[in-house]
Amino acid sequence: MEHDDLRILLNGVANGSISIENAILEIKKAPFEDLGYAKPDYHRSARQGVAEVIYGAGKTAKQIAGIAKALREHGQKTILITRLNTEKADKIKAEIALDYRADARIGIIGEMPSERVGKIVIATGGTSDIPVAEEAAITAEVLGNNVTRLYDVGVAGIHRLLSHTDDIMSANAIIAIAGMEGALASVIGGLADCPVIAVPTSVGYGASFGGIAALLSMLNSCASGVSVVNIDNGFGAAYQASMINKRTSK
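Just add 321 to wherever you are in the sequence shown, counting from 1, and you've got this note's numbering.
Here it is, written out as structure tokens:
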């Protein structure tokens, strides 16, 4: 049950158009369903404000389509599928309408939000970080946030970042995405007056250890207000940034 549906239901009880018994029946409808291979959470939107997201890696196309259909049947208007490869996306399209964003490895079922609030800035150290950044950007947009993309503004040419000071200072939350030594997050943290969420990426040469060097650098940032998510976790960063932005924009 979506937040808006719950509000309508409670308003109906308040004005007498819906009986208490019928309202209880609607609320008691199974909060999840056992599909055998998955248990879709139908009450997550009412409980957390954001509906369930499908993690595509490790699931078959048939399983993903089945979960998505179950969510749609229970009123979820927009379904986000992360870590979805092209092969699975093509198979899902044969069963249900899917908007596939290959760069981000994201699939979207349903409509994008017509209204977006606030401002989240997503900055990358280099062009090679864009796949993780697009996962974050599209996730944030699906969750109803305005997004400004600042790509390839790493510290190797810091003047590129400094030319976007206005964007940095007007954001409610910033996602700083970088591989190599991961210095971008500290630099942005020293400029911004809002929370900065750092995302280390697995971009870099051998001694970067698949993003561990950037992760440790970001964890040891001397800039205040910087938090860190896992390597390549654009989705997690966007989810957290959305929570910050939504509360700031109220």
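Where a beta carbon is used, it is the ideal one built from N, C-alpha and C, also for glycine.
Smallest Cα separation from residue i: which of the options?
i	options	result
residue 533	463, 503, 507, 361	503
residue 519	562, 425, 436, 368	562
residue 461	448, 472, 443	443
residue 434	479, 423, 468	468
residue 475	450, 458, 457	450
residue 445	383, 508, 410	508
residue 482	464, 457, 511, 459	511
residue 463	401, 521, 414	401
residue 374	399, 327, 383, 394	399
residue 397	366, 379, 380, 415	366
residue 574	551, 470, 432	Residue 574 lies beyond the stretch modelled for the chain, which goes from 322 to 571, so this question has no answer here.
residue 514	343, 523, 530, 441	441
residue 356	379, 329, 551, 384	384
With H, G and I counted as helix, E and B as strand and the rest as coil, what does DSSP make of residue i?
i	result
residue 428	strand
residue 417	coil
residue 445	strand
residue 434	coil
residue 521	strand
residue 570	helix
residue 362	strand
residue 390	helix
residue 471	strand
residue 439	strand
residue 339	coil
residue 371	coil
residue 332	helix
residue 481	helix
residue 381	coil
residue 548	strand
residue 423	coil
residue 560	helix
residue 458	helix
residue 492	coil
residue 504	coil
Buried or exposed, going by whether 16 or more other CB atoms sit within 10 Å of the CB of residue i?
i	result
residue 466	buried
residue 571	exposed
residue 479	exposed
residue 528	exposed
residue 457	buried
residue 553	buried
residue 545	exposed
residue 477	exposed
residue 428	buried
residue 377	buried
residue 335	exposed
residue 536	buried
Can you give me the Cβ contacts of residue i inside the same chain, cut-off strictly under 7 Å, excluding the 5 residues immediately before and after it?
i	result
residue 408	none
residue 417	386, 389, 390, 430
residue 506	497, 499, 517, 519, 539, 542, 547
residue 565	493, 494, 516
residue 472	445, 448, 451, 454
Could you name the residues of the same chain whose beta carbon sits closer than 6 Å to that of residue i, not counting the 5 residues immediately before and after it, in chain order?
i	result
residue 426	404, 405
residue 525	500, 501
residue 455	424, 425
residue 549	519, 539, 540
residue 412	382
Using 8 Å as the limit for Cβ to Cβ distance, is residue i near chain C?
i	result
residue 527	As a matter of chain content, chain C is missing from the structure shown, which is built from one protein chain.
Once the 5 residues before and after residue i are set aside, which same chain residues still bring their CB inside 8 Å of it?
i	result
residue 438	465, 466, 467, 566, 567, 570
Review point. Just checking, does the segment 333 to 341 make contact with the segment 366 to 378 on the three C-beta pairs under 8 Å criterion?
Key: Segment contact: the segment 333 to 341 against the segment 366 to 378, fewer than three CB-CB distances shorter than 8 Å; contact not assigned.
Check your understanding: Counting Cβ pairs closer than 8 Å, one from the segment 542 to 560 and one from the segment 477 to 490, do we hit at least three?
Key -> no
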